[in-house]
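Trainee: I am attaching a structure below and will ask some questions about it afterwards.
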Amino acid sequence: MRTRRNVLGKFGTTGAVALGAGLAGCSGDDGGGGGGNTVEMTDSLTFEPGNLTVSTGTTVTWENGGTVAHTVTAYEDRIPSGATYFASGGYESETAARDGFRGGDAPIEADGSFEHTVDIAGSYEYFCIPHEGSGMTGTITVEE
Ligand SMILES: [Cu+2]
């Protein structure tokens, strides 16, 4: 485990903190080619896949595989009742996330990542603040 440089190179500083908890036991990744619980943020201003279905307790990881910076920001009124709000940057509300972005807070740069564990079943809709107008939105469907 002396691959600190590689780890940072792949996940960037945003994901470094969560990496220890999220991937430490994951060397035998069951993703089978990058699928699984990962959503990629692309230079085409899309989340891929746009709709990801996972089970409760899953940690979803968003990775910026391109060069354009993005955010992962949940629509506050389009997540299940009782679910924890999530947004890259650690904001606790959609308004705070939008205000923070307007104020110049760094979004997820190239090679950066964000992750969130979904613990309540239902549909979670989210978007990218700078590219919302271009239709950069996504949905996580969480099943029991
Ligand atoms: Cu974006």
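Under the numbering used here, the final residue of the sequence shown carries the number 391; numbering is consecutive throughout. All C-beta atoms, glycine included, are put in the ideal place defined by N, C-alpha and C. Keep in mind the model is a prediction, meaning the values are calculated, not measured.
What beta strand (DSSP E) runs, 3 residues minimum, are completely inside the stretch 308–362?
Mentor: Here no run is fully enclosed.
Trainee: Taking 6 angstroms as the limit between beta carbons, can you name the residues of its chain near residue 388, skipping five residues before and five after?
Mentor: Looking up residue 388 in the sequence shown gives position 141. Cβ within range, chain order: 300 and 370.
Trainee: Any heavy atom of ligand 1 closer than 7 angstroms to the Cβ of residue 377?
Mentor: Counting from 1 along the sequence shown, the entry for residue 377 is found at position 130. True, at least one ligand heavy atom lies under 7 angstroms from that Cβ.
Trainee: If you check the beta carbons only, do residue 344 and residue 376 fall under 8 angstroms apart?
Mentor: Against the sequence shown, residue 344 aligns to sequence position 97. Against the sequence shown, residue 376 aligns to sequence position 129. Yes, Cβ-Cβ distance for residue 344 and residue 376 is below 8 angstroms.
Trainee: From the DSSP secondary-structure annotation, give me the bridge partner or partners of residue 287.
Mentor: In the sequence shown, residue 287 corresponds to position 40, counting from 1. Its beta-bridge partners are 295 and 310.
Trainee: Does DSSP classify residue 379 as helix, strand or coil?
Mentor: For the purposes of this step, residue 379 is identified with residue 132 of the sequence shown, where counting begins at 1. Looking at residue 379 - three-state DSSP - the assignment turns out to be helix.
Trainee: To which residues of the same chain is residue 313 closer than 6 angstroms at the C-beta, ignoring the five residues directly before and after it?
Mentor: As a working note, residue 313 is residue 66 in the sequence shown. Closer than 6 angstroms at the Cβ level, and outside the excluded window around residue 313, lie 289 and 290.
Trainee: Tell me whether the beta-carbon of residue 372 lies closer than 8 angstroms to the beta-carbon of residue 384.
Mentor: Taking the sequence shown and counting its residues from 1, the one referred to as residue 372 is at position 125. Taking the sequence shown and counting its residues from 1, the one referred to as residue 384 is at position 137. Yes, they are a contact pair.
Trainee: Does the Cβ-Cβ distance between residue 318 and residue 302 come in under 8 angstroms?
Mentor: Within the sequence shown, residue 318 is the residue found at index 71, counting from 1. Within the sequence shown, residue 302 is the residue found at index 55, counting from 1. No. Outside cutoff.
Trainee: Measuring straight from C-alpha to C-alpha, what distance separates residue 293 and residue 382?
Mentor: Taking the sequence shown and counting its residues from 1, the one referred to as residue 293 is at position 46. Taking the sequence shown and counting its residues from 1, the one referred to as residue 382 is at position 135. One C-alpha to the other measures close to 8 angstroms.
Trainee: Please classify residue 390: does DSSP put it in a helix, a strand, or coil?
Mentor: Within the sequence shown, numbered from 1, the residue matching residue 390 stands at position 143. The answer is strand: DSSP assigns residue 390 an E or B state.
Trainee: Count the other CB atoms within 10 Å of the CB of residue 285; is the residue buried (16 or more) or exposed (fewer)?
Mentor: Mapped onto the sequence shown, residue 285 falls at position 38. Buried, by the Cβ-count rule.
Trainee: Taking C-alpha atoms, which residue in 341, 328 and 308 lies nearest to residue 379?
Mentor: Here residue 379 is taken as the residue at index 132 of the sequence shown, counted from 1. Looking at the Cα atoms, 341 is the closest of the given residues.
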